[in-house]
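Notes follow the structure.
Protein chains: 2
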Amino acid sequence: MSQVGISRRSIGARPNPEAAAAILDTAARILAEKGLKGLTTEAIAREARASKSTLYRWWPSRGALLLAVYMRMKQDHGYADTGSLIGDVAVSLSNLFAFWRGNGSVFALIIAEAQTDKTLLPALDSFREERVGEWKEVLERAQVRGELRAGADLRALAESIIAHAWFHLLTARLHVDMNRLAFDIVHPYLKSPHRIAGGQNT
Amino acid sequence: MSQVGISRRSIGARPNPEAAAAILDTAARILAEKGLKGLTTEAIAREARASKSTLYRWWPSRGALLLAVYMRMKQDHGYADTGSLIGDVAVSLSNLFAFWRGNGSVFALIIAEAQTDKTLLPALDSFREERVGEWKEVLERAQVRGELRAGADLRALAESIIAHAWFHLLTARLHVDMNRLAFDIVHPYLKSPHRIAGGQNT
DNA sequence: GAAGCACATGGACGCAATGTCCATTTATCA
DNA sequence: TGATAAATGGACATTGCGTCCATGTGCTTC
Numbered sequence: 002m003s004q005v006g007i008s009r010r011s012i013g014a015r016p017n018p019e020a021a022a023a024i025l026d027t028a029a030r031i032l033a034e035k036g037l038k039g040l041t042t043e044a045i046a047r048e049a050r051a052s053k054s055t056l057y058r059w060w061p062s063r064g065a066l067l068l069a070v071y072m073r074m075k076q077d078h079g080y081a082d083t084g085s086l087i088g089d090v091a092v093s094l095s096n097l098f099a100f101w102r103g104n105g106s107v108f109a110l111i112i113a114e115a116q117t118d119k120t121l122l123p124a125l126d127s128f129r130e131e132r133v134g135e136w137k138e139v140l141e142r143a144q145v146r147g148e149l150r151a152g153a154d155l156r157a158l159a160e161s162i163i164a165h166a167w168f169h170l171l172t173a174r175l176h177v178d179m180n181r182l183a184f185d186i187v188h189p190y191l192k193s194p195h196r197i198a199g200g201q202n203t
Numbered sequence: 002m003s004q005v006g007i008s009r010r011s012i013g014a015r016p017n018p019e020a021a022a023a024i025l026d027t028a029a030r031i032l033a034e035k036g037l038k039g040l041t042t043e044a045i046a047r048e049a050r051a052s053k054s055t056l057y058r059w060w061p062s063r064g065a066l067l068l069a070v071y072m073r074m075k076q077d078h079g080y081a082d083t084g085s086l087i088g089d090v091a092v093s094l095s096n097l098f099a100f101w102r103g104n105g106s107v108f109a110l111i112i113a114e115a116q117t118d119k120t121l122l123p124a125l126d127s128f129r130e131e132r133v134g135e136w137k138e139v140l141e142r143a144q145v146r147g148e149l150r151a152g153a154d155l156r157a158l159a160e161s162i163i164a165h166a167w168f169h170l171l172t173a174r175l176h177v178d179m180n181r182l183a184f185d186i187v188h189p190y191l192k193s194p195h196r197i198a199g200g201q202n203t
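Given below as structure tokens:
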């Protein structure tokens, strides 16, 4: 809500951090109020009382801006520590899906944008790599607890979890039974067989 | 290559199948010659010597047309029957990735388009469901051979394979070691432990 | 303290691409 | 043979991304 009265002026021969902040704030607000449809560079610039030039001086493309908005919103990851791997994955995915549902699936739009905007790929790559690292922490805890089969490839499992999450995001299936999903993803990697917790399938 | 000399005319009070065929052929040709960049409704309509109205009478949106083009090109699936599940998955994914690389990853564009074009979602859903069915056939063969662990969920594994394939497509990683990828996806579901075949990781 | 400079900013514009409207053309039916 | 129904074509409206140039502001140098 950093709404400046009228318009923003130059503060000299260097970028104005207030402009960037206002742009990100405004983008997040538009996303909350109008959804994905309204989230255009024109609307963001207009409502942030900045020009599109300013916007493009900070981020090289629409996709890059969207990713910045998303990363700012995502600051708290929401990984769980329940004591069991399936529980951790179920709750963590549940938090993630709830987050995705709450912001109109911006992240789906970012993935989509990356398919045509090649400047986005590297940024998205490193973003994904960070997520892999976070999931690996969850998996290492499970490994310490002795839940995983011998020789389980933590990186492969982490990527698998993310792949499944993306898959559900992109196919608009964010409302599935999370215990079931976590079980399906993780249980082949577990040492001892588990009973399935949740109920209905998709 | 059904190139009509000049222009196409109405054949009366019913749609002209030649128009649809010419549009699909032309779209495939443009895709092969100019890649994804040139694959616009304007270019397709122009080069197919049809109007955009005609195009939109046959398909409700750009994405729907792209999916039709893709499905027409994909008629031969390329699923393999090597005698082992990991081999089947490795070769089948290899064929799929080669196909995707060959057409400039149109399918990635279709997935991207589905994120904003909601008329595409149902079509993409049923398309995906067909792929699930095909993969399940591969998996059933493995089950008959006794390769899978007891109680393995075939549908979950089929979805997992597709999820991984999409994931690699969307992150522009179509050149990975396919034996390695197939192993990572499948081996937790196998009854007996396997040695890994391929070499380097991503 | 004053003048020039470097660079961010704003507004307007170019361009490309999607989807729509209406007049025209064609075949069919009475 | 004339009227009707529907597809087709060309032009157009609209939207949205990215760019250009004049303007303004603070910093630097003399």
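Respectively, the protein sequence lines represent chains A and B. According to this note's numbering, the first sequence holds residues 2 to 203 in order. According to this note's numbering, the second sequence holds residues 2 to 203 in order. Glycine is no exception: its CB is placed at the ideal position from the N, C-alpha and C atoms. Computed from a predicted model, the values in this text were never measured in an experiment.
If you draw a straight line from the alpha carbon of residue i to that of residue j, how long is it in whole angstroms?
{"i": "Lys38/A", "j": "Ala173/A", "result": "16 Å"}
{"i": "Val70/A", "j": "Arg50/A", "result": "17 Å"}
{"i": "Leu94/B", "j": "Phe108/B", "result": "15 Å"}
{"i": "Ala113/B", "j": "His165/B", "result": "16 Å"}
{"i": "Met179/B", "j": "Pro16/A", "result": "47 Å"}
{"i": "Arg47/A", "j": "Gly36/A", "result": "16 Å"}
{"i": "Asp118/B", "j": "Thr117/A", "result": "16 Å"}
{"i": "Gln144/A", "j": "Ala65/B", "result": "45 Å"}
{"i": "Lys192/A", "j": "Glu148/A", "result": "6 Å"}
{"i": "Asp26/A", "j": "Ala44/A", "result": "13 Å"}
{"i": "Leu40/B", "j": "Leu32/B", "result": "6 Å"}
{"i": "Gln76/A", "j": "Leu175/B", "result": "31 Å"}
{"i": "Val90/A", "j": "Ser52/B", "result": "51 Å"}
{"i": "Ser106/B", "j": "Arg10/A", "result": "44 Å"}
{"i": "Gly84/B", "j": "Lys137/B", "result": "15 Å"}
{"i": "Thr120/A", "j": "Gly103/B", "result": "22 Å"}
{"i": "Ile24/B", "j": "Asp82/A", "result": "54 Å"}
{"i": "Val139/A", "j": "Val177/B", "result": "26 Å"}
{"i": "Glu34/B", "j": "Trp101/B", "result": "15 Å"}
{"i": "Leu97/A", "j": "Trp167/A", "result": "11 Å"}
{"i": "Leu171/A", "j": "Ser54/B", "result": "30 Å"}
{"i": "Gly88/A", "j": "Arg146/A", "result": "13 Å"}
Can you tell which of the options has its C-alpha closest to the C-alpha of residue i?
{"i": "His169/B", "options": "Met179/A, Gly134/A, Ala23/A, Leu122/A", "result": "Leu122/A"}
{"i": "Thr1/B", "options": "Arg63/B, His78/B, Ile31/B", "result": "In the structure as shown, chain B starts at 2 and stops at 203, and residue 1/B therefore has no counterpart that could be examined."}
{"i": "Arg150/B", "options": "Pro61/B, Leu182/B, Val187/B", "result": "Val187/B"}
{"i": "Arg156/B", "options": "Ala124/B, Arg132/B, Val177/B, Trp167/B", "result": "Arg132/B"}
{"i": "Pro61/B", "options": "Gly105/B, Ala124/B, Gly134/B", "result": "Ala124/B"}
{"i": "Ala99/B", "options": "His78/B, Gly134/B, Val139/B, Thr83/B", "result": "His78/B"}
{"i": "Leu86/B", "options": "Ala159/B, Trp101/B, Ala21/B", "result": "Ala159/B"}
{"i": "Ala153/A", "options": "Trp59/B, Asp185/B, Arg146/B, Arg181/B", "result": "Asp185/B"}
{"i": "Ser127/B", "options": "Arg146/B, Met72/B, Ala183/B, Leu97/B", "result": "Met72/B"}
{"i": "Leu182/B", "options": "Val92/B, Val139/B, Leu171/B", "result": "Val92/B"}
Is residue i helix, strand or coil by DSSP?
{"i": "Lys53/B", "result": "helix"}
{"i": "Leu125/A", "result": "helix"}
{"i": "Leu68/A", "result": "helix"}
{"i": "Leu191/A", "result": "strand"}
My understanding is that residue i touches residue j, with C-beta atoms under 8 Å, so please give their C-beta distance in whole angstroms.
{"i": "Ile162/B", "j": "Arg129/B", "result": "Rounded, the Cβ-Cβ distance is 12 Å, inconsistent with contact."}
{"i": "Pro189/A", "j": "Pro189/B", "result": "3 Å"}
{"i": "Ile111/A", "j": "Leu67/A", "result": "5 Å"}
{"i": "Met74/B", "j": "Ala115/B", "result": "That pair is no contact at about 18 Å."}
{"i": "Glu141/B", "j": "Tyr80/B", "result": "At roughly 12 Å, the Cβ-Cβ gap does not stay under 8 Å, so Glu141/B and Tyr80/B are not in contact."}
{"i": "Ala22/A", "j": "Trp59/A", "result": "In fact, because the Cβ distance is near 10 Å, the residues do not count as touching under 8 Å."}
Tell me where the alpha helix (DSSP H) around residue i begins and ends.
{"i": "Ser178/A", "result": "Note that residue 178/A is Asp in the sequence shown here, rather than Ser. Here Asp178/A belongs to no alpha helix (DSSP H), and DSSP marks it neither H nor E."}
{"i": "Thr42/A", "result": "42–48"}
{"i": "Glu114/A", "result": "107–115"}
{"i": "Leu94/B", "result": "86–103"}
{"i": "Lys119/A", "result": "Element bounds for Lys119/A: n/a, residue is neither H nor E."}
{"i": "Pro18/B", "result": "18–35"}
{"i": "Arg156/A", "result": "155–171"}
Please confirm whether any heavy atom of the ligand NAD lies closer than 6 Å to the CB of residue i.
{"i": "Leu97/B", "result": "Because no ligand of any kind appears in the structure shown, any question about the ligand NAD cannot be addressed here."}
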